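Visitor: Numbering of the sequence shown is given in our numbering, commencing with residue 193 and proceeding in unit increments.
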Amino acid sequence: MSSPAQANDWNVSPNDCVDAYTFKFQLFYNSNFNGSWTKFGYSEENFGADDGTPGYLKFLFCPNRGAGSNQGVKNNAASAHNHKDYGRACIARVHFNSYFKGVYDDIAADNYKNLVNTYNENASFEWMGSGC
């Protein structure tokens, strides 16, 4: 049986490059929510695990979506959209370092934000809040 890392070049579901309802957090390559994007449904502790770490895969921005297409997500995101709102205060926290460490930017539920503390220096993201 092959591991996920052997099965794909990067950890991208075919649905995260379309307007999929199940993926609630979106990172954009450019400021002001422009350029290519990628979407996440779950917290991700390392956007760029191309170091051979078992079970971890490198995330790329979606292909054919403008500036940043097929570029690695790690240290390349400039803005974000948190469209997770189930009547909960689910905050998306983007971290400077992998494994949810370092300075961060918080994006409130149902909000867009240009990244400030993690502008083009971002390596992980996690959901914050009860039931998120």
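We treat Cβ as the ideally placed atom computed from N, Cα and C, and that holds for glycine.
Quick caveat, the model's predicted, so the values are computed rather than measured.
Distance, Cα to Cα, residue 258 vs residue 227?
Guide: Going by the C-alpha atoms only, they are around 5 Å apart.
Visitor: Indicate the three-state DSSP secondary structure (helix, strand or coil) for residue 224 in the structure shown.
Guide: Looking at residue 224 - three-state DSSP - the assignment turns out to be helix.
Visitor: Note down the Cα distance separating residue 240 from residue 219, rounded to an integer number of angstroms.
Guide: Taking the straight line from one Cα to the other gives about 14 Å.
Visitor: Counting along the chain, where does the beta strand (DSSP E) carrying residue 232 start and finish?
Guide: Counting along the chain, the beta strand (DSSP E) containing residue 232 begins and ends at 229-232.
Visitor: Using only CA atoms, which one of 303, 302 and 313 lies nearest to residue 267?
Guide: Measuring from the Cα of residue 267, the nearest candidate turns out to be 313.
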